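Numbering (my numbering), first residue to last: 34 to 471.
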């Protein structure tokens, strides 16, 4: 029987990842109600960071072998340039691995340079792993299809070196493109949506949708102030924030949130939780902070949005807690659609705020009379190659979907980004929604 010591490093990393994952499940099941919120926050963040790092270790070993080890027998292996290259690769991997820990130690009003560098390396790491794997798969497929005649080609040192060189070059180019794309202000996307049973006096009502701002290690007060200025310029009747506003505790990042106090939509500004609010273990304090800025959390509840032209005309705006609250066993929270829609008559239009598209799907299965659901969460994949995974894992990916005869779902690609300050194959967005009576 093979002992743990005899396992290759990649297998040891996989075992370690499994152990950490098991500890996460164990703590969710047995420790959720025994730890105070602050301790739960630290335990959860630490477990997530360790789990991500043990998984990444397998990829990092492959990166090191592909970009360093395979060149140690070359004539340049003893040169100063190669020594500097080894140091650069080591620092790159170290920064990528450290990114998740910045959520615990480096969150302030504005991002620290170290956090930005670490998360940039994480984004480049993901792209590099993809290209190394893809090019390696192409090489293996070529050898399989051509047969033994390909051995001489595969054994050519120059051709062997081309794979990591090409992967690194492509990674550098896409990293720069992703950074430049994410550094631009969010695009304003104007969408007209017909809403069944919306009173005619409320046609042309303007709703601005924000999602996934992710105040934390790489998004701070300056970015949020820019978003608020853009929203105010649109002069919305209603502003809604559909979750993942933050990645940090309210007290730590309070100064960065102050620009939200400048939002002044006539019919109100509303908020529902996303999964990342529950990762902070500080939802109650966030609710109080948002209320101090005249932003109303919809905690499985609803409000009547009354037409400025007629007090008899209104629609129901409801919001549900994010489904992650149920997974984390977050006391007093969890998606409760029945409670959220209590008092919402099917004779009036119903608009629901639900962070995750899967929650939108579940809501429509339970209440197909909902007319419009506004969601976020997917980020449009945020960066290549994660786009494909986000598309496959969500029933609604990004943009406007018609479900049945009288229902629409709109999924925002996110107003900022999570962690990695890059956008590839997606674009940050502020959504201007014009409601039409239908």
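Even glycine gets a Cβ: it sits at the ideal position worked out from N, Cα and C.
Note that the structure is a prediction, hence the values are computed from the model and not measured.
Residue i versus residue j - alpha carbon distance
{"i": "residue 328", "j": "residue 167", "result": "46 Å"}
{"i": "residue 278", "j": "residue 271", "result": "17 Å"}
{"i": "residue 352", "j": "residue 305", "result": "6 Å"}
{"i": "residue 426", "j": "residue 413", "result": "12 Å"}
{"i": "residue 288", "j": "residue 324", "result": "15 Å"}
{"i": "residue 250", "j": "residue 210", "result": "21 Å"}
{"i": "residue 187", "j": "residue 175", "result": "In this prediction, residue 187 has a pLDDT of 48, which is less than 50 and means its spatial position is unreliable; what the coordinates show is noted afterwards. Each residue's Cα considered, the two are about 9 Å apart."}
{"i": "residue 440", "j": "residue 72", "result": "42 Å"}
{"i": "residue 102", "j": "residue 293", "result": "50 Å"}
{"i": "residue 458", "j": "residue 418", "result": "9 Å"}
{"i": "residue 110", "j": "residue 155", "result": "27 Å"}
{"i": "residue 83", "j": "residue 415", "result": "23 Å"}
{"i": "residue 183", "j": "residue 106", "result": "Residue confidence for residue 183 is low, a pLDDT of 49 falling below 50, so the modelled location carries little weight and cannot support an answer."}
{"i": "residue 206", "j": "residue 469", "result": "43 Å"}
{"i": "residue 451", "j": "residue 411", "result": "11 Å"}
{"i": "residue 53", "j": "residue 309", "result": "20 Å"}
{"i": "residue 85", "j": "residue 340", "result": "49 Å"}
{"i": "residue 334", "j": "residue 354", "result": "9 Å"}
{"i": "residue 172", "j": "residue 200", "result": "13 Å"}
{"i": "residue 372", "j": "residue 264", "result": "30 Å"}
{"i": "residue 455", "j": "residue 276", "result": "20 Å"}
{"i": "residue 318", "j": "residue 358", "result": "16 Å"}
{"i": "residue 274", "j": "residue 331", "result": "10 Å"}
{"i": "residue 383", "j": "residue 406", "result": "9 Å"}
Exposed unless 16 or more other CB atoms sit within 10 angstroms - verdict on residue i
{"i": "residue 420", "result": "buried"}
{"i": "residue 396", "result": "buried"}
{"i": "residue 299", "result": "exposed"}
{"i": "residue 295", "result": "exposed"}
{"i": "residue 177", "result": "exposed"}
{"i": "residue 380", "result": "exposed"}
{"i": "residue 361", "result": "buried"}
{"i": "residue 112", "result": "exposed"}
{"i": "residue 123", "result": "exposed"}
{"i": "residue 194", "result": "exposed"}
{"i": "residue 290", "result": "buried"}
{"i": "residue 408", "result": "buried"}
{"i": "residue 117", "result": "exposed"}
{"i": "residue 197", "result": "buried"}
{"i": "residue 302", "result": "buried"}
{"i": "residue 255", "result": "exposed"}
For residue i, the three-state DSSP class (helix, strand or coil)
{"i": "residue 187", "result": "Low per-residue confidence applies at residue 187: pLDDT is 48, beneath 50, and the placement is therefore not dependable, though the value from the model is reported in the following sentence. Residue 187: helix per DSSP, three-state reduction."}
{"i": "residue 390", "result": "helix"}
{"i": "residue 140", "result": "coil"}
{"i": "residue 330", "result": "strand"}
{"i": "residue 216", "result": "helix"}
{"i": "residue 175", "result": "helix"}
{"i": "residue 450", "result": "coil"}
{"i": "residue 236", "result": "coil"}
{"i": "residue 416", "result": "coil"}
{"i": "residue 462", "result": "strand"}
{"i": "residue 384", "result": "strand"}
{"i": "residue 122", "result": "helix"}
{"i": "residue 222", "result": "strand"}
{"i": "residue 322", "result": "helix"}
{"i": "residue 408", "result": "strand"}
{"i": "residue 242", "result": "strand"}
{"i": "residue 109", "result": "coil"}
{"i": "residue 296", "result": "coil"}
{"i": "residue 86", "result": "helix"}
{"i": "residue 314", "result": "coil"}
{"i": "residue 103", "result": "helix"}
{"i": "residue 73", "result": "helix"}
{"i": "residue 80", "result": "helix"}
{"i": "residue 401", "result": "coil"}
{"i": "residue 354", "result": "coil"}
{"i": "residue 437", "result": "coil"}
{"i": "residue 155", "result": "helix"}
{"i": "residue 363", "result": "coil"}
Per DSSP, the bridge partner or partners of residue i
{"i": "residue 338", "result": "348"}
{"i": "residue 469", "result": "227"}
{"i": "residue 432", "result": "444"}
{"i": "residue 302", "result": "272 and 328"}
{"i": "residue 279", "result": "248"}
Chain D contact for residue i (CB, 8 Å cutoff)
{"i": "residue 121", "result": "Going by chain labels, chain D is absent from the structure shown, which holds only one protein chain."}
Item to check | Any 3 or more C-beta pairs closer than 8 Å across the segment 440-457 and the segment 242-250 | outcome: yes
Item to check | the segment 153-161 contacting the segment 137-145, beta-carbon criterion three pairs below 8 Å | outcome: no
Checklist entry - Are the segment 461-468 and the segment 211-223 in contact at 8 Å, needing three or more beta carbon pairs? => result yes
Checklist entry - At a cut of 8 Å, does the segment 251-271 reach the segment 364-383 through at least three beta carbon pairs? => result no
Checklist entry - With contact counted as at least three CB pairs below 8 Å, one residue from each stretch, are the segment 139-149 and the segment 95-108 in contact? => result no
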